[in-house]
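Report on the following structure.
There are 2 protein chains.
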Amino acid sequence: MASHGGRGRSGGRPTLEEVAARAGVGRGTVSRVINGSPRVSDATRAAVEAAVAELGYVPNTAARALAANRTDAIALVVPEPETRFFAEPYFSDMLRGVGAELSDTEMQLLLIFAGSDRERQRLAQYLAAHRVDGVLLVSVHADDPLPDLLGQLEIPAVISGPRSAAESLTSVDSDNYGGARSAVEHLLAGGRRRVAHITGRLDVYGAQRRVDGYRDALRDAGRTADELLVEPGDFTEEGGRRAMTALLARHPDLDAVFAGSDVMAAGARQVLREAGRRIPDDVALVGYDDSAIARHMDPPLTSVRQPIEEMGRAMIDLLLTEIADRRPAVSRGLDRRRAVLPTELVVRASS
Amino acid sequence: MASHGGRGRSGGRPTLEEVAARAGVGRGTVSRVINGSPRVSDATRAAVEAAVAELGYVPNTAARALAANRTDAIALVVPEPETRFFAEPYFSDMLRGVGAELSDTEMQLLLIFAGSDRERQRLAQYLAAHRVDGVLLVSVHADDPLPDLLGQLEIPAVISGPRSAAESLTSVDSDNYGGARSAVEHLLAGGRRRVAHITGRLDVYGAQRRVDGYRDALRDAGRTADELLVEPGDFTEEGGRRAMTALLARHPDLDAVFAGSDVMAAGARQVLREAGRRIPDDVALVGYDDSAIARHMDPPLTSVRQPIEEMGRAMIDLLLTEIADRRPAVSRGLDRRRAVLPTELVVRASS
DNA sequence: AGGTAGCGTGGGAGCGCTCCCACAAGTGAT
DNA sequence: ATCACTTGTGGGAGCGCTCCCACGCTACCT
Chain A
2 MASHGGRGRS GGRPTLEEVA ARAGVGRGTV SRVINGSPRV SDATRAAVEA AVAELGYVPN
62 TAARALAANR TDAIALVVPE PETRFFAEPY FSDMLRGVGA ELSDTEMQLL LIFAGSDRER
122 QRLAQYLAAH RVDGVLLVSV HADDPLPDLL GQLEIPAVIS GPRSAAESLT SVDSDNYGGA
182 RSAVEHLLAG GRRRVAHITG RLDVYGAQRR VDGYRDALRD AGRTADELLV EPGDFTEEGG
242 RRAMTALLAR HPDLDAVFAG SDVMAAGARQ VLREAGRRIP DDVALVGYDD SAIARHMDPP
302 LTSVRQPIEE MGRAMIDLLL TEIADRRPAV SRGLDRRRAV LPTELVVRAS S
Chain B
2 MASHGGRGRS GGRPTLEEVA ARAGVGRGTV SRVINGSPRV SDATRAAVEA AVAELGYVPN
62 TAARALAANR TDAIALVVPE PETRFFAEPY FSDMLRGVGA ELSDTEMQLL LIFAGSDRER
122 QRLAQYLAAH RVDGVLLVSV HADDPLPDLL GQLEIPAVIS GPRSAAESLT SVDSDNYGGA
182 RSAVEHLLAG GRRRVAHITG RLDVYGAQRR VDGYRDALRD AGRTADELLV EPGDFTEEGG
242 RRAMTALLAR HPDLDAVFAG SDVMAAGARQ VLREAGRRIP DDVALVGYDD SAIARHMDPP
302 LTSVRQPIEE MGRAMIDLLL TEIADRRPAV SRGLDRRRAV LPTELVVRAS S
């Protein structure tokens with residue numbers, strides 16, 4: 002028995018077998034207790050639990066994974082080249098939600114970076130090897146092949162920010178449409194007459210929805226949306242500057258700007274200031290994300306807060322459900338899951 | 002042979018055994034090739050590698066972990082209640098460095114949150130179960146029992162931001178002393194005469210070192226450091242406000258402030274502005290961290306940049322070395338490793 | 001010639017678990 | 001009383017790997 006390894010028998014961690022011996026039952030029974038099977042009598046269960054406690058037994062994950070062909074781990078795949086993604090508190094907040102929700106479970110969170118081609122290669126191998134039970138996908142581009150790969154491999158996956166209205170994976174999103182609406186309605190309620198919008202990258206579905214919200218809010222307020230008040234940005238500060246410059250040139254009389262992100266709002270603010278416009282006196286400004294930038298901007302920026310931490314929680318919830326079902330949503334047919342969480346307008350001095 | 006599981010034999014992933022059959026060698030030999038043992042002839046190695054490629058063989062991590070009693074995983078332990086820590090880009094940047102350095106290896110990064118007591122409990126169990134080969138510790142308090150636990154369990158660990166000059170774990174740090182010096186020297190070079198310092202929490206070693214750097218810079222410039230120009234803060238915005246208020250009351254004639262963090266600098270700025278002091282005309286202001294806040298402050302804040310991403314890389318480097326040595330530094334006696342990376346002063350309009 | 005290394009190799013044993021079959025004992029219908 | 005079932009239980013077999021012992025072989029010393 003002691004021919005292998007060299008870990009002395011007293012120093013090593015207790016095994017199932019040892020717990021079984023201690024409790025005076027068989028190995029199978031201990032396994033059933035550990036895994037919460039109902040097919041165990043109360044008396045036996047109590048005896049086993051006592052033995053587990055006395056010995057300080059902790060299951061060996063590797064052995065379990067090998068025997069059961071599951072991993073008890075899920076991967077959070079991070080498309081790292083998106084520096085923007087990292088710099089924003091988005092990631093941290095989501096991570097906090099994910100961590101909180103996961104702490105109730107036995108699941109491990111594995112962080113996988115899929116930035117470079119080499120990393121993506123490795124990820125593909127990873128997934129093919131089924132080294133995780135499920136995958137969390139954040140900020141995926143519309144043309145990313147990853148979601149399809151996951152579908153093929155039948156690996157449960159949840160995506161934050163669906164790629165389109167027809168997203169095939171289970172998804173969690175915040176209410177971009179409603180968030181944009183509330184921002185614009187707030188500006189109109191404040192008496193603003195000519196509200197411009199700097200959009201995010203329009204290949205991002207959420208950015209499209211914000212445009213929709215902006216349009217509908219204006220339309221419902223009885224205005225014919227003047228298309229020329231919409232200027233595309235790209236979520237960067239520089240993009241915000243460019244868009245603001247263009248808007249100002251076309252519409253010197255605008256009195257409000259709704260930017261699709263705080264970062265773009267920061268860029269817009271610079272241009273407005275250089276153009277001599279006072280905020281909020283001449284032009285009201287509203288951002289999106291409610292990031293640290295919004296709080297520290299001068300003047301502090303009104304912004305739409307997304308419940309990012311809650312989104313993280315929701316993602317885990319949905320993923321665990323799918324894993325429990327042992328089948329990805331895509332193969333379950335119509336029963337796709339989708340969660341949309343409400344946003345909140347945080348009003349500050351800029352509007 | 003097919004009594005277990007149910008994964009049909011053709012659908013399953015190839016095993017060592019199958020590779021061995023294909024290459025016409027024994028199981029042991031394939032294992033040696035996979036693990037890069039030198040005790041294999043070139044011809045055999047080539048044959049095995051061909052078989053591996055043809056079959057698309059990927060080792061089963063669980064089986065390996067079980068047999069070899071190692072995990073090929075390292076944990077990044079995050080003391081989550083430190084919201085400050087999350088909100089700052091510190092975490093993201095470090096993560097990027099860690100990820101980059103790790104992508105060259107087979108190691109997995111595991112994220113473990115150790116915020117609540119329950120999470121800490123779980124973490125302790127985790128470590129006791131040796132479910133990771135090594136641990137990365139970030140922003141640990143001086144009185145945290147975790148480092149000692151790691152030492153006892155003989156788990157290789159690297160800490161970012163040593164807890165004291167006598168840190169027992171391998172550590173990576175930025176040059177807080179030098180960073181503070183450069184900030185103060187910059188202020189003096191700009192003609193400032195009365196330079197105040199708002200410190201971080203002094204139970205944080207790095208904050209102490211910044212105070213040391215501040216003092217020495219003044220002393221070396223021939224001034225007797227006036228202790229009353231030092232006011233303790235706590236890394237928060239509110240703390241910055243309080244400290245600035247106190248400093249202004251005691252020293253209405255101060256003409257420069259070096260804050261131990263950008264967030265505190267933001268607080269200080271508010272107070273200075275309310276007191277009618279212009280920045281940088283009346284009072285120059287320098288922060289620490291070079292965070293997004295610094296860039297977006299009005300005026301943009303001069304700040305000390307820490308090479309956080311590089312610190313992440315260095316931590317992985319050191320940790321992998323320790324794991325390779327298979328013994329934590331603490332038991333190797335005097336041979337402790339410690340890396341200190343240089344900072345950089347980013348000069349902006351506030352000074 | 002015999003001895004003694006050392007290399008490269010094959011394969012047994014074992015890591016700690018889960019799965020499942022077999023079986024004993026109890027329960028109720030026939 | 002017989003024949004089902006059901007419930008709880010024990011333990012064999014196997015997951016895919018690593019470790020290590022044993023073996024055949026070559027090379028070089030006595």
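So the sequences go chain by chain: A and B.
Sequential numbering from 2 applies to the first sequence in this note's numbering.
Sequential numbering from 2 applies to the second sequence in this note's numbering.
Even glycine gets a Cβ: it sits at the ideal position worked out from N, Cα and C.
Here the structure is a predicted model, which is why all the values come from computation and not from measurement.
Proximity of residue i and residue j at Cβ, strictly below 8 Å
| i | j | result |
| --- | --- | --- |
| residue 178 of chain A | residue 213 of chain A | yes |
| residue 295 of chain A | residue 197 of chain A | no |
| residue 110 of chain A | residue 98 of chain A | no |
| residue 46 of chain A | residue 31 of chain A | no |
| residue 28 of chain A | residue 52 of chain A | no |
| residue 305 of chain A | residue 183 of chain A | yes |
| residue 138 of chain B | residue 175 of chain B | no |
| residue 273 of chain B | residue 349 of chain B | no |
| residue 284 of chain B | residue 255 of chain B | yes |
| residue 173 of chain A | residue 159 of chain A | yes |
| residue 260 of chain A | residue 288 of chain A | yes |
| residue 200 of chain B | residue 190 of chain B | no |
| residue 187 of chain A | residue 286 of chain A | no |
| residue 59 of chain A | residue 14 of chain A | yes |
| residue 26 of chain B | residue 48 of chain B | yes |
| residue 195 of chain B | residue 230 of chain B | yes |
| residue 268 of chain B | residue 241 of chain B | yes |
| residue 309 of chain B | residue 102 of chain B | no |
| residue 202 of chain B | residue 236 of chain B | yes |
Residue i, DSSP secondary structure in three states
| i | result |
| --- | --- |
| residue 304 of chain B | strand |
| residue 236 of chain B | coil |
| residue 329 of chain A | For residue 329 of chain A, the predicted structure reports a pLDDT of 47, less than 50, and the residue's modelled location is therefore unreliable. A value from the coordinates is still provided. Correct three-state label for residue 329 of chain A: coil. |
| residue 32 of chain B | helix |
| residue 75 of chain B | strand |
| residue 57 of chain B | coil |
| residue 286 of chain A | strand |
| residue 264 of chain B | helix |
| residue 272 of chain A | helix |
| residue 49 of chain B | helix |
| residue 257 of chain A | strand |
| residue 249 of chain A | helix |
| residue 110 of chain A | strand |
| residue 231 of chain B | strand |
Neighbour-count burial assignment, residue i, 16 or more Cβ in a 10 Å radius
| i | result |
| --- | --- |
| residue 36 of chain B | exposed |
| residue 358 of chain B | Absent from the model: residue 358 of chain B. The displayed extent of chain B is 2 to 352, so no value can be given. |
| residue 42 of chain B | exposed |
| residue 192 of chain A | exposed |
| residue 63 of chain B | buried |
| residue 307 of chain B | buried |
| residue 281 of chain A | buried |
| residue 144 of chain B | exposed |
| residue 314 of chain B | buried |
| residue 134 of chain B | buried |
| residue 328 of chain A | The predicted model places residue 328 of chain A with a pLDDT of 47, which falls under 50 and marks its position as unreliable; any figure quoted below should be read in that light. Exposed, because fewer than 16 other Cβ atoms sit within 10 Å of the Cβ of residue 328 of chain A. |
| residue 326 of chain A | exposed |
| residue 38 of chain B | exposed |
| residue 146 of chain B | exposed |
| residue 275 of chain B | exposed |
Span of the beta strand (DSSP E), counted from its first residue to its last, around residue i
| i | result |
| --- | --- |
| residue 339 of chain A | 339 to 342 |
| residue 346 of chain B | 345 to 347 |
Enclosing alpha helix (DSSP H) for residue i [first to last residue]
| i | result |
| --- | --- |
| residue 208 of chain B | 206 to 221 |
| residue 26 of chain B | Taken as a continuous stretch (DSSP letters only), residue 26 of chain B belongs to no alpha helix (DSSP H), as it is neither H nor E. |
| residue 293 of chain A | 293 to 297 |
| residue 100 of chain B | 91 to 103 |
| residue 62 of chain B | 62 to 69 |
heavy atom of the ligand MG below 7 Å from residue i C-beta
| i | result |
| --- | --- |
| residue 172 of chain B | Absence of the ligand MG is noted for the structure shown, with no ligands found whatsoever. |
Whole beta strand (DSSP E) elements within the region 112 to 200 of chain A, 3-residue minimum: 135 to 139, 158 to 161, 171 to 175, 196 to 200
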